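Its first residue numbered 7, the sequence shown is counted upward by one per residue in the numbering used here.
C-beta atoms are modelled at their ideal positions from N, C-alpha and C, and glycine is treated no differently.
Note that the structure is a prediction, hence the values are computed from the model and not measured.
These notes concern the structure reproduced below.
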Amino acid sequence: MSLNKILGAGIALSVLLSANPASANPLEDRIKDTYTNPPITVENPDDPIITPLDLQIIRPDSYSSYNAYERYFTLTPENGEDANLWIQNTSTDTIYAKVTVGSLSPLDVPIAKGKQSNIRLGVIGTTSVKVYVYSSTGHKVEMNISARQF
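Put into structure tokens, the structure is as follows:
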């Protein structure tokens, strides 16, 4: 009976190892991953809460003002390879999130009234990020916002 358990454990271990082969060159894999997974993607999640919060870059907060929202932060590889910026529009009209990562061109993301957006940022090196949320019509910017790096 114990021989069967040992053989079963060995087979299970070999299946796990074959599903996740070790890379011969991790740097090469990271470079390939950068080209296949762009550094910024936009998602529209159904769940407004980002969990687990590994490193809170922007603690969950509400913002309400006629002025634009502006925030700067720095992403470092030691804190994880990815970051999420979540914005929920509670305004009376569309708001726009302009996200600038390092020296890349800003990404302008419209967020319709009552909708939310999850912007995913890839972390390649130490990178500065600027988040600027505004209304194009002059209406009051009302939103919930949070960001994490993992």
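With DSSP as the reference, label residue i as helix, strand or coil.
{"i": "residue 85", "result": "helix"}
{"i": "residue 114", "result": "strand"}
{"i": "residue 72", "result": "coil"}
{"i": "residue 158", "result": "Because the chain here runs from 7 to 156, residue 158 falls outside it and cannot be looked at."}
{"i": "residue 79", "result": "strand"}
{"i": "residue 156", "result": "coil"}
{"i": "residue 27", "result": "Residue placement at residue 27 is flagged as unreliable, the pLDDT there being 48, under the threshold of 50; the coordinate-derived value follows with that caveat. Reduced to three states, the DSSP call for residue 27 is coil."}
Using a Cβ-Cβ cutoff of less than 8 Å, which residues in the same chain neighbour residue i once the five nearest sequence positions on both sides are dropped?
{"i": "residue 119", "result": "95, 97, 98, 99, 100"}
{"i": "residue 102", "result": "114, 115, 116, 117, 139, 140, 141, 142"}
Could you compute how far the alpha carbon of residue i sits from the alpha carbon of residue j?
{"i": "residue 93", "j": "residue 64", "result": "11 Å"}
{"i": "residue 112", "j": "residue 81", "result": "16 Å"}
{"i": "residue 74", "j": "residue 84", "result": "31 Å"}
{"i": "residue 66", "j": "residue 149", "result": "11 Å"}
{"i": "residue 108", "j": "residue 133", "result": "5 Å"}
{"i": "residue 79", "j": "residue 89", "result": "11 Å"}
{"i": "residue 76", "j": "residue 130", "result": "23 Å"}
Judging by CA-CA distance, which residue of the options is the nearest neighbour of residue i?
{"i": "residue 114", "options": "139, 71, 75, 83", "result": "139"}
{"i": "residue 154", "options": "73, 91, 102", "result": "91"}
{"i": "residue 61", "options": "75, 110, 87, 74", "result": "87"}
{"i": "residue 135", "options": "141, 125, 143, 142", "result": "125"}
{"i": "residue 143", "options": "106, 133, 108, 116", "result": "116"}
{"i": "residue 152", "options": "107, 110, 122, 108", "result": "122"}
{"i": "residue 137", "options": "104, 70, 68", "result": "104"}
Looking only at its own chain, which residues have a Cβ that is under 6 Å from the Cβ of residue i, when we skip the five neighbours before and after it?
{"i": "residue 72", "result": "146"}
{"i": "residue 70", "result": "148"}
{"i": "residue 68", "result": "150"}
{"i": "residue 106", "result": "112, 136"}
Secondary structure, beta strand (DSSP E): runs of 3+ residues fully inside the region 109–153: 113–117, 122–128, 133–140
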